[in-house]
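Numbering (this note's numbering), first residue to last: 5 to 146.
Here is the structure we will look at, set down as structure tokens.
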């Protein structure tokens, strides 16, 4: 099936190939769309980048931006974890969870929002991969 999808993408987007009239503008005309490459980049490297590579500029740009901002904000949660670890190393006294949460509230809230954005961007990228595969399969059948 992957070979069929790749063959359709090459046929529809090669300079000498006869492009079908159903080619939509969101598929890149520069290079053939490699479904597994798009999926790998989208789900394993950076959500949204694979969607951009598939030629969907608007949704890919929004996904990539959400993933970037979400990833940067998630770093706040990593700082909270470091604070927790260093407090445990520096002090022999037990940690009061309420006090710790109050002291780190300014990092926990943006970190949680960032983690949510990152998860949302990843899920959206997964749905985009499914839609790209569905479209390539439809083009292969036509």
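Glycine included, each C-beta is placed from N, C-alpha and C at the ideal position.
| Query | Result |
| --- | --- |
| Between the CA atoms of residue 112 and residue 22 - distance to the nearest angstrom | Confidence in residue 22 is poor, its pLDDT being 49 and thus under 50, which makes the residue's placement too unreliable to answer from. |
| Helix, strand or coil at residue 37 [DSSP, three-state] | coil |
| Cβ-based neighbour list, residue 125, same chain, cut-off 7 angstroms, excluding 5 preceding and 5 following | 51, 52, 67, 70, 71 and 74 |
| Inter-stretch contact (C-beta, 8 angstroms, three-pair minimum) for the region 88-100 and the region 114-133 | no |
| Nearest residue (CA-CA) to residue 131, options 37, 49 and 64 | 64 |
| Given residue 41 as reference, the closest of 137, 92, 144 and 141 once Cα atoms are compared | 137 |
| Enclosing alpha helix (DSSP H) for residue 131 [first to last residue] | 109-145 |
| Residue 58, DSSP secondary structure in three states | coil |
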